[in-house]
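Protein chains in written order, with our numbering: chain S, 615 to 719; chain D, 615 to 719. C-beta: ideal position from N, C-alpha, C; glycine also. Every value quoted in this text rests on a predicted model; they were computed, and no experiment measured them. Report on one structure; see the data block that follows.
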DNA sequence: TGGTTCCGTAAGCTATGACTTACTTTTTGT
DNA sequence: ACAAAAAGTAAGTCATAGCTTACGGAACCA
């Protein structure tokens, strides 16, 4: 897994829309493509990017193919965010303390 | 704030490196640009993208300019991630239950 | 006041990502 | 066996993101 693949995958609004659509449950490509203003092959390409990033997974089901969210794919993102969040807050607090100290002297 | 701005900002590895560098505390542009394999104006452009996304903020300080992480900028991302995470897990559990039920009958 | 430092902006080049259409493959149903 | 449905792949087009160099502006110091 690479952060680059995950963030790149999430950068595209169409791909985020696909993820949103899958929140309701597994969907096949035709259903996913229906509401989107582009061709079905374009959607297939987006799904491939999401797959490679580990954010979704596909399962062949007859002639159709079901795509579903992959919770583990989001854990890496959460880890990154938590770390960044902690340091951002720590830095913020440190700055506030330094300012308060400066006011005292 | 827009999700698009945030995710687009995070999609670039250079911009993520800049965020990582700021985890240690506020930094000026020269310091931020030093370890990166590109010109200083390029870094300025990246910082502008991060600013527009609300992920960082800059403060003019003499002839220099300090950039720091903006914790609130990460809350939106966290909100999105939490929602997605919940539904992904719920969908996963529902699928597991359906499979277990199918095994019974 | 003139020089230096630090930084943002403008203009231009280039690689790449997001689409399209056309084709192939696999599975299902008659 | 043949036709139809669903989806992935290939090739080509086009816009844009990311870089460059060059320039302009503001703050410190001699």
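Terminal residues of the beta strand (DSSP E) in which residue i lies
i	result
residue 682 of chain D	678-683
residue 672 of chain S	670-675
Residue i at chain S interface by Cβ criterion, 9 angstroms
i	result
residue 681 of chain D	no
residue 651 of chain D	no
residue 708 of chain D	yes
residue 568 of chain D	Because chain D is modelled from 615 through 719, residue 568 of chain D falls outside the range shown and cannot be assessed.
residue 647 of chain D	no
residue 722 of chain D	Within the shown structure, residues of chain D are numbered from 615 to 719, placing residue 722 of chain D beyond reach of any answer.
residue 622 of chain D	yes
residue 666 of chain D	no
residue 688 of chain D	yes
residue 655 of chain D	no
residue 625 of chain D	yes
When the options are compared against residue i, the one with the closest alpha-carbon
i	options	result
residue 680 of chain D	D:632, D:671, D:634	D:671
residue 686 of chain D	S:674, S:638, S:673, S:703	S:703
residue 674 of chain D	D:636, D:634, D:641	D:641
Segment limits, alpha helix (DSSP H) that includes residue i
i	result
residue 628 of chain S	627-636
residue 616 of chain D	Neither: residue 616 of chain D is in no alpha helix (DSSP H) and is coded neither H nor E.
residue 664 of chain S	654-666
residue 648 of chain S	Note, residue 648 of chain S: premise wrong, no alpha helix (DSSP H); not H, not E.
Whether residue i touches residue j by CB criterion (9 angstroms)
i	j	result
residue 619 of chain S	residue 668 of chain S	yes
residue 632 of chain S	residue 650 of chain S	yes
residue 663 of chain S	residue 622 of chain S	yes
residue 683 of chain D	residue 705 of chain S	yes
residue 570 of chain S	residue 678 of chain S	Since the first and last residues shown for chain S are 615 and 719, residue 570 of chain S lies out of range.
residue 701 of chain D	residue 638 of chain S	yes
Contact with chain D by residue i, beta-carbon distance below 9 angstroms
i	result
residue 705 of chain S	yes
residue 615 of chain S	no
residue 702 of chain S	yes
residue 691 of chain S	yes
residue 633 of chain S	yes
Task: Segment contact, 8 angstroms Cβ cut-off, at least three pairs: the segment 682-694 of chain S with the segment 651-663 of chain D - done: Too few Cβ pairs lie closer than 8 angstroms, so no.
Task: Given 8 angstroms, three or more beta-carbon pairs between the segment 620-628 of chain D and the segment 701-714 of chain D - done: Not touching, per the Cβ criterion.
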